[in-house]
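Going down the list, the sequences are from chains A and B. Residue numbering for the first sequence is 108 to 895, as defined by the numbering used here. Residue numbering for the second sequence is 4 to 109, as defined by the numbering used here. Backbone N, C-alpha and C fix where the C-beta goes; we use that ideal spot for every residue, glycine too. All of these numbers come straight from a predicted model, not from anything done at the bench.
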Amino acid sequence: MDDVDSVRRGLIGAVLGGVAAGGFFTPASTYLDQFAPLSGSVWDSTTNEPPGRVDSEYGDATLQYDGHRVPRIEADDQAALYHAVGYAHGTDRLFGMDLQRRLMRGRLSAVVGDAALDSDRFRVQMDFARAADANWTAVQNRNPEVADLLSAYVDGVNAAREDQALPPEFELLGYEPAEWTPEDTLLLQLQISWTLTGSFGSLRRSVLARELGDGFDDLFPRRYDHDSPILRDGVGTAGASAHSESRDSRPVSGELAGWLSGFESPPGVGSNSWVVGGEYTESGEPLLANDPHLSLLAPPVWYQQHLDWGDGWVRGVTFPGVPFVIIGENDAGAWGFTNAGIDVLDCYTYETDGDRYRYGDEWRDFETAEHTIEVDGADDVTVTKRKTVHGPVVEREGEEVGVAWTGFSATATTDAVYAMAHSDGLDDFREATRDFDLPTQCVVYADRDGNTYHKVTGRVPVRYTDGERVPGWQVFDGSAREGEWRGYTPYGESSWAGFVPFEDKPGAVNPGYVGTANQRIVDDPDDYLAESYSPPFRGERLYEVLDDWAESGSMTPEDMRDLQRDTLDTRARRLVPRLLDAADVAAAGPPFDALPDWDYRMDRDSDGALAFAVLFDAYREALYADGFAAADLSEDYWPSDWVTATLDSSPWFDRDETPDSAPAAMRTALDAAADRLADEGWETYGEYNEASLEHPFGQSFLNYPGVETDGSPATLNNFRRDSDTGSSWRMVVPMSDDGEASVVLPGGNDGDPFSDQYHDQLRAWADGRYYGFDREFAGPSIEFGGGD
Amino acid sequence: MDRERTLVAAVAVVASLALASVHWLGLLVGGVAVGVLASTWPRALAAGLGFGALAWVVFLGTLWRAGRLAAYWDAGLLLYASVGIPLALGAVGALAHGLRSDGSTA
């Protein structure tokens, strides 16, 4: 009996010991360490609250949150203020900040494995990190005051990183973030600039022209035929274009162009903004509205913050990692941005000889450096970074192009963003705009003295070949010294001497009202500005409404919010009458039979909207799928919605692989759309148009819940379901003191996925509701000060 | 005697929860403690599971205090893991009932 007991005890002891040992020494230990209730690091990271007091060598500051986790930071001293801003960003958004810098430095593979290797290769070759280094050196030399504020901010981020448990994503991925640096902040500034201006359109056009031949011009017009440029009736610069076009250089493959295009921003990035002068408003004071269209992520790309330094204040949004309010309002005025669509990137091909490339009459060595990419779960990968006089060389499978981009040079944008946030009226703001070297944007501004302003920001290159100005819509022969930029130094400080002077860039002071929605800026600029602009659907609708309302001269903040919520789709207004002529929609049954009486509004409960959306998708497929496949070109190369909505007679329809005519394609599309609708089971447009915003980490519990919403890629109320891009911040600000300034984020301000403020604004955003910009700050608070 | 055992069990549970708040081993130790103190195998198993459930409820309390409870219910795999771990460790720990000299009681 004793033996039996001993055996039993031994077995039980072995089981208990085995479980305990297994918990320490097997892969289970990771899960126990992370997820065990009470002690798990993931739970610790989310239940850990910031301390009530933080030692700061920069002086006293107070940070207090409102009910939406929006911080108000008060300090008399600017360094103390921005140190606390850094602490807020480090507390609420550290994972996103780290992810973005990893992306730009080409260090994603180190934590997510070889799935990110392509991205890392591209970004290492582009050497964005070196550009950020050059930027930091330049900021310190040019503007020590701003450099000191950046340093204070960086110290704030790192204090939060050290004081508190790391965000849960770090625990899940099993790594700790390195110290935040000023270069990281400038790198994030480059990231958004790349998103807005990094375009390989010239390469794509080169490939398309070669592969498509006849029909290319119809499918890819340089200029859309419309009458709603941003600056109309001779406002701004105007005049005859005096460019000569040089020949295309040696051909670039569709594979390389496609690969590089994969590192551009997703379709749908753009924005709306407008400013209305007091002569057109009920209050007699200007109104300003802005909603930038960027990737919609969980958490949002923007972080809302309110700053108060005693004799001034500013509130608005910035990118976590960047200290200064980028879009917002201060005690003197308000401002917003839309992407200008200006061409600030050129590609160059070279005659090469091993380690050298020909540049005019001489052979030069590529500047080279070896770089090791760490890959989680696999061997390290070595990439050779190569550069020419134009900038980095990106290579894929033996094929390469040189790239010149204004972002590779040091810029004064950081100074400009700070100066804008602290500006004291129109004159001050205009001076700040001069320094806004990157990205090229359309800025709109209004001040409390009743002024309004629009200006194109950013350095705009002028290209020269053999001493003549040439447009940038081509791939240049770098060896023949085509398309040279004068006054440009990649990875150093440019003089910008050969670029378009500030005064020559389009703009207007007190223009009455001006509407910008990424459409053509002016009809006939003196200088080459862009290869092509976004389709003007939103721009024409914006002016249509503003023109109408301007007649009454009594616009209100509520009108501005209505305009941001406007769902009229001018694609549909163009295309549906043609569809009705071409196909029997009544015979197709619901929802297609709603099209004849439809008001072209992309509302979630509209049958017409659902019918149009699926029909438009199917019509694109019918028009392009076979023709482009025959040319070995993917869907990424398909023409814009403007072409789809307007294409009528064209050599495109004469090909064997393409439909006989646009009406024939419409009939095919109607059948395909009906089939798709039956397969998918969508009963409302809202079911089709669901915003399912995802966290970059890809774990389902980190994603936002799906929400049905209104709008389309072509409406002012902007949402593109295919790429989850759209209004990333809606802001309406009156210059009158009526308290009606209103804003909303597509999600929440807090990056902690377990926080109640992770997506507390999502439903309001989807429903077109707003929150007052004025807030009550009665939530958790942190006092800074008392440090050595 | 029962009262004494209850008191010991209560102290053991509190101590185990304290340990569990810094390391998952506390969940196993808690199961061991209540298992050893139980008078029968079924009671030991129930006590082990009960300890795991109690740890989970205390955990819910910490989430509630931090304002994180609402999102927890949507946490998917994390939710399942945080439920399963204390129940499993509590139940396995309760096997320690068999270490008693009268561990064969039914």
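Neighbouring residues, chain B, relative to residue i (Cβ below 7 Å)
i, result
"A/S768", "Under the 7 Å cutoff, chain B gives no residues; its nearest Cβ is about 51 Å from A/S768."
"A/L139", "W27 and I88"
"A/F861", "R71, A74 and Y75"
"A/Y865", "A74"
"A/V126", "L31 and V95"
Residue range of the alpha helix (DSSP H) that includes residue i
i, result
"B/I88", "L80 to A97"
"A/S300", "P289 to T304"
"A/S641", "Run containing A/S641: none; DSSP gives neither H nor E here."
"B/L72", "L72 to Y75"
"A/V231", "L224 to M233"
"A/Q141", "A135 to F142"
"A/T751", "D748 to T753"
Residues of its chain near residue i, where Cβ-Cβ distance is below 6 Å and the 5 sequence neighbours each way are ignored
i, result
"A/K562", "T540, V550 and G614"
"A/L303", "N446 and P546"
"A/D234", "K492 and P499"
"A/Y792", "R711, S713, A716 and L717"
"A/R179", "Q171, H413 and F884"
"A/G660", "Y387"
"A/G124", "none"
"A/G855", "Q864, Y865, H866, D867 and Q868"
C-beta contact flag for residue i and residue j at 7 Å
i, j, result
"A/G484", "A/H497", "no"
"A/T832", "A/S226", "no"
"A/L682", "A/A738", "no"
"A/E421", "A/A519", "Inspection of the sequence shows that residue 421 of chain A is occupied by Val rather than by Glu. Their beta carbons are not under 7 Å apart, which means A/V421 does not touch A/A519 by this criterion."
"A/G391", "A/V314", "no"
"A/A695", "A/L777", "yes"
"A/P803", "A/L206", "yes"
"A/F431", "A/V524", "yes"
"A/G50", "A/A364", "No information on residue 50 of chain A is available, as it lies outside the stretch 108 to 895 that chain A covers here."
"A/A239", "A/L297", "yes"
"A/D472", "A/D462", "yes"
"A/R648", "A/L686", "no"
"A/P618", "A/S335", "no"
"A/S830", "A/P407", "no"
Proximity test, residue i beta-carbon vs the ligand COA heavy atom, cut-off 6 Å
i, result
"A/T677", "Only the bare structure without any ligand can be found here, which leaves the ligand COA out of the picture."
Neighbour-count burial assignment, residue i, 16 or more Cβ in a 10 Å radius
i, result
"A/P632", "buried"
"A/P853", "buried"
"A/P358", "exposed"
"A/R330", "exposed"
"B/A99", "buried"
"B/L80", "exposed"
"A/R214", "buried"
"A/P664", "buried"
Partner residues on chain B for residue i, Cβ-Cβ distance less than 9 Å
i, result
"A/F808", "A74, D77, A78, G79, L80, L81 and L82"
"A/G130", "W27, L28, L31 and L92"
"A/V114", "Those within 9 Å of A/V114 in chain B number zero; the least Cβ separation is about 11 Å."
Start and end residues, beta strand (DSSP E) containing residue i
i, result
"A/Y560", "T559 to V563"
"A/V432", "Where A/V432 is concerned, there is no enclosing beta strand (DSSP E), given that its DSSP letter is neither H nor E."
"A/Y387", "Premise fails: A/Y387 is in no beta strand (DSSP E) and is neither H nor E."
"A/Q171", "A168 to Y172"
"A/W416", "First-last for A/W416: undefined, no H or E at that position."
"A/T520", "Unbroken run through A/T520 is the alpha helix (DSSP H), T520 to A528; no beta strand (DSSP E)."
Own chain residues within Cβ distance below 7 Å of residue i, not counting five before or after
i, result
"A/S602", "G594"
"A/Q247", "A254"
"B/A50", "V37, G38, A41 and A97"
Cβ-based neighbour list, residue i, same chain, cut-off 8 Å, excluding 5 preceding and 5 following
i, result
"B/G53", "V37 and G93"
"B/V16", "G33, A36, V37, F54 and L57"
"A/S348", "Confidence at A/S348 is low in this model, with a pLDDT of 42, below 50, so the placement of that residue should be treated as unreliable; the coordinate-derived value is given next. Around A/S348: D631, P632, D633 and Y635."
"A/G305", "F370, E371, S372, L452, W512 and G514"
Chain-ordered chain B contacts of residue i [CB-CB under 8 Å]
i, result
"A/R463", "None at all; the shortest Cβ gap to chain B is about 55 Å."
"A/G120", "L102"
"A/L123", "L31, V35, V95, G96, L98 and A99"
7 Å Cβ cut-off: residues of chain A touching residue i
i, result
"B/R46", "Within 7 Å Cβ-Cβ: nothing; B/R46 doesn't reach chain A, min ~16 Å."
"B/A23", "L145 and S146"
Neighbouring residues, chain A, relative to residue i (Cβ below 9 Å)
i, result
"B/V61", "P144 and L145"
"B/T65", "P144, L145, W150 and T154"
8 Å Cβ cut-off: residues of chain A touching residue i
i, result
"B/S85", "F142, A143, P144, G147 and W150"
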